[in-house]
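> Structure below; questions to follow.
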Amino acid sequence: MNSETLTAAKNEIERNGFLDIEPDPTLDLFAEIERLKKEKNAILLAHYYQEPDIQDVADYIGDSLGLAQQAEKTNADMIVFAGVHFMAETAKILNPTKKVVIPDLKAGCSLSDSCPPPLFKKFKDQHPDHVVVSYINCSAGIKALSDVICTSSNAKVIVESFPKDQKIIFAPDKNLGAYINKVTGRNMLLWNGACMVHEIFSLEKITKLKVRHPNAKVIAHPECEDPVLRIADFIGSTTGLLKYTQKDDAKEFIVVTETGIIHQMQKANPTKTFIPAPPENNCACNDCPHMKRNTLEKLYLCMEYEVPDITMEEELRLAAKKPIERMLEISKKAGL
Ligand code: 13P
Ligand code: SF4
Numbered sequence: 063m064n065s066e067t068l069t070a071a072k073n074e075i076e077r078n079g080f081l082d083i084e085p086d087p088t089l090d091l092f093a094e095i096e097r098l099k100k101e102k103n104a105i106l107l108a109h110y111y112q113e114p115d116i117q118d119v120a121d122y123i124g125d126s127l128g129l130a131q132q133a134e135k136t137n138a139d140m141i142v143f144a145g146v147h148f149m150a151e152t153a154k155i156l157n158p159t160k161k162v163v164i165p166d167l168k169a170g171c172s173l174s175d176s177c178p179p180p181l182f183k184k185f186k187d188q189h190p191d192h193v194v195v196s197y198i199n200c201s202a203g204i205k206a207l208s209d210v211i212c213t214s215s216n217a218k219v220i221v222e223s224f225p226k227d228q229k230i231i232f233a234p235d236k237n238l239g240a241y242i243n244k245v246t247g248r249n250m251l252l253w254n255g256a257c258m259v260h261e262i263f264s265l266e267k268i269t270k271l272k273v274r275h276p277n278a279k280v281i282a283h284p285e286c287e288d289p290v291l292r293i294a295d296f297i298g299s300t301t302g303l304l305k306y307t308q309k310d311d312a313k314e315f316i317v318v319t320e321t322g323i324i325h326q327m328q329k330a331n332p333t334k335t336f337i338p339a340p341p342e343n344n345c346a347c348n349d350c351p352h353m354k355r356n357t358l359e360k361l362y363l364c365m366e367y368e369v370p371d372i373t374m375e376e377e378l379r380l381a382a383k384k385p386i387e388r389m390l391e392i393s394k395k396a397g398l
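Now the structure itself:
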């Protein structure tokens, strides 16, 4: 792109979050993405909540911890992050010299948005004797105010790395925080944030489904509310849930998390049945609208033109890097 086109592209990305160009309809986007990966020495990392086409073309599909670990160790020149903003931002924090591109810069996260750094800073200042453990679903600004980061697959281990009497603030997910309080016997102070997808599941509808499918196992993500978690046969991160479906003998599973993960569950267990848990309304609210902003077309365009890419001030990056590195270190020691 010449400098004029690049300026126009940047303005458009600021407005839309992506380059609004129609790729040539005769292009085989799967083949094009493979070609671009080789040409640009790029690695394509995708979260389980991405649409099936994106998962199928990814080099690595995983949960938030797995994705951060892949981002930390990659030798690629460019990281293509098919996920939401905080995930790509984490990859950039760990790889300041690499280009990190995302199909849609406006792929955000309601949980991350529920914790604005200036408000959180005030809250933190009111509790100077507390350490801060933040869920990775938060902005770099919140990470920079944290002592350590965690994900849904290592939250218990991270919290238990502190002495039992250590006062802790847990942000931003009150549901994951409450769940970790329960399983560790701690009394962490919880920031009042939640995920719009995991909060919407209907206990009543899941219970009715369970009556119709008495042998189905209910498997839930810990971002769900406590009443839903109470009826779950298994609670885990997306990777944890996927592994459970592979080792458990049940033939049917009611899946209480974003529907994207069902693609991998079905691939790994072709003879088993996966029923997406219903939300409160007759909407598709168990699809994350942020994750689903990414499409195969936008993925191809971000690889071809290398925009939108993640940028960040160096001071913020360095402050946000410390608690992420601490998380990766603790996870490694714990064999996660
Ligand atoms: P995990 O990737 O840790 O399972 O979390 C799910 C999620 O909500 C990511 O946004
Ligand atoms: Fe955020 Fe929830 Fe979407 Fe995950 S599923 S990106 S936590 S809004």
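Numbering (my numbering), first residue to last: 63 to 398. Backbone N, C-alpha and C fix where the C-beta goes; we use that ideal spot for every residue, glycine too. Quick caveat: nothing in here was measured; it's all calculated off a predicted structure.
How would you label N277, buried or exposed, when you count the other beta carbons within 10 angstroms and need 16 or more for buried?
Exposed, since its Cβ has fewer than 16 Cβ neighbours within 10 Å.
> Grouping DSSP H, G and I as helix and E and B as strand, with all else coil, what is C177?
Residue state, collapsed to three classes: coil.
> May I ask which residues mark the beginning and end of the alpha helix (DSSP H) holding G255?
Segment: none, G255 is in no alpha helix (DSSP H) and carries neither H nor E.
> Taking DSSP as the reference, what is the three-state secondary structure of D371?
Here D371 sits in strand by DSSP.
> Can you give the Cα-Cα distance for I28 and A104, rounded to whole angstroms?
An answer regarding residue 28 cannot be provided, because it is not within the stretch 63 to 398 covered by the chain.
> Rounded to the nearest angstrom, how far is the Cβ of S196 from that of M258, given a contact under 8 Å?
At roughly 19 Å, the Cβ-Cβ gap does not stay under 8 Å, so S196 and M258 are not in contact.
> Using 8 Å as the cut-off, can you tell me whether the segment 206-223 makes contact with the segment 235-247, which would need three or more C-beta pairs spanning the two stretches below that distance?
Touching, per the Cβ criterion.
> List the whole-angstrom C-beta distance separating Q112 from M353, where the pair is believed to meet the contact cut-off of C-beta under 8 Å.
About 6 Å; that satisfies the 8 Å criterion.
> Could you spell out the range, first to last residue, of the beta strand (DSSP E) harbouring L107?
First-last of the beta strand (DSSP E) with L107: A104 to H109.
> Quick check: does the Cβ of T300 come within less than 6 Å of any heavy atom belonging to the ligand 13P?
Within the cutoff, so yes.
> In the DSSP assignment, find the unbroken beta strand (DSSP E) run with K305 in it and report its ends.
No beta strand (DSSP E) contains K305, which is instead part of the alpha helix (DSSP H) from T300 to K309.
> Looking at chain D, is there any beta carbon in it that lies within less than 7 Å of the beta carbon of N103?
Of the chains in the structure shown, none is chain D; there is only one protein chain.
> Out of H283, M327 and M250, which has the shortest C-alpha to C-alpha gap to I262?
Cα-wise, what sits closest to I262 is H283.
> Could you work out which residue in A202, G255, V142 and E314 is closest to I155 when comparing CA atoms only?
Minimum Cα distance to I155 is reached at A202.
> Determine the DSSP secondary structure at K161, reduced to helix, strand or coil.
DSSP places K161 in strand when its eight states are reduced to three.
> Does the beta-carbon of V317, which I'm using as the reference point, lie nearer than 6 Å to any heavy atom of the ligand SF4?
For the ligand SF4, not one heavy atom lies less than 6 Å from the Cβ of V317.
> Which word fits P180, buried or exposed, when buried means at least 16 other C-beta atoms lie within 10 angstroms of its C-beta?
So P180 counts as exposed.
> May I ask you to check if the CB of T213 is nearer than 6 Å to at least one heavy atom of the ligand 13P?
Correct: T213 has its Cβ closer than 6 Å to the ligand 13P.
> Within the segment 73-141, note down every full alpha helix (DSSP H) run reaching 4 residues or more, in order along the chain.
Runs of the alpha helix (DSSP H) inside the segment 73-141: 91-101, 114-119 and 126-135.
> Near L91, what residues of its chain come up, given a Cβ to Cβ distance below 6 Å and the 5 sequence neighbours on each side ignored?
For L91, where only same-chain residues beyond five positions count, the Cβ hits under 6 Å are L358 and Y362.
> Could you give the distance in angstroms between the alpha-carbon of Q228 and the alpha-carbon of H192?
Their Cα atoms are separated by approximately 7 Å.
> For the segment 157-165 and the segment 360-375, state whether three or more C-beta atom pairs, one from each stretch, are separated by less than 8 Å.
Cβ pair count under 8 Å is three or more, so yes.
> Using the C-alpha atoms, what's the distance from A70 back to R77?
Spanning the two alpha carbons is a distance of roughly 11 Å.
> Please classify N216 as buried or exposed, where buried requires at least 16 neighbouring CB atoms within 10 angstroms.
By the 10 Å Cβ count, N216 comes out buried.
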